[in-house]
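Numbering (the working numbering), first residue to last: 384 to 480.
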């Protein structure tokens with residue numbers, strides 16, 4: 384397995400798993416019946432069972448999970464690298480307020 388840098392969100396998920404399995408270790412076994420797979424996953428990840436169920440259904444239907452779309456910068460002024468253009472846009476925005 385190759386090492387990948389995890390996003391802070393992914394690190395939170397890993398942390399939730401660590402805490403959950405540590406609790407199971409202290410308990411001497413599973414906190415929830417092994418038959419309740421979706422419930423165990425939801426509990427371990429600290430998400431709702433509905434979220435787990437939706438992801439499971441999507442994976443079964445599509446075979447893969449779609450990637451989350453990359454967020455675009457919606458700041459029209461920030462897109463311009465030319466300082467004069469940026470300044471002009473700032474002035475126009477300020478005048479229209």
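Ideal Cβ placement from N, Cα and C applies to all residues, glycine included. Quick caveat, the model's predicted, so the values are computed rather than measured.
Residue i classed as buried or exposed, judged by whether at least 16 other C-beta atoms fall within 10 angstroms
| i | result |
| --- | --- |
| residue 398 | exposed |
| residue 393 | exposed |
Same chain, Cβ closer than 8 Å to residue i, neighbours up to 5 away in sequence not counted
| i | result |
| --- | --- |
| residue 442 | 448 |
CB-CB length for residue i against residue j, believed under 8 Å
| i | j | result |
| --- | --- | --- |
| residue 444 | residue 432 | Actually they do not touch by this definition, with Cβ atoms about 18 Å apart. |
Neighbourhood of residue i by C-beta distance below 6 Å, restricted to the same chain and skipping five residues each side
| i | result |
| --- | --- |
| residue 480 | Any reading at residue 480 needs caution, since the residue's pLDDT is 48, under 50, leaving its predicted position unreliable; the model's value is listed next. Cβ neighbours of residue 480 beyond the five flanking positions: none. |
Nonlocal neighbours in the same chain, by C-beta distance under 7 Å from residue i, ignoring five residues either side
| i | result |
| --- | --- |
| residue 435 | 421, 424 and 425 |
Nearest-angstrom Cα separation, counted from residue j out to residue i
| i | j | result |
| --- | --- | --- |
| residue 413 | residue 428 | 15 Å |
| residue 386 | residue 410 | 31 Å |
| residue 401 | residue 419 | 19 Å |
| residue 391 | residue 405 | 21 Å |
| residue 395 | residue 440 | 24 Å |
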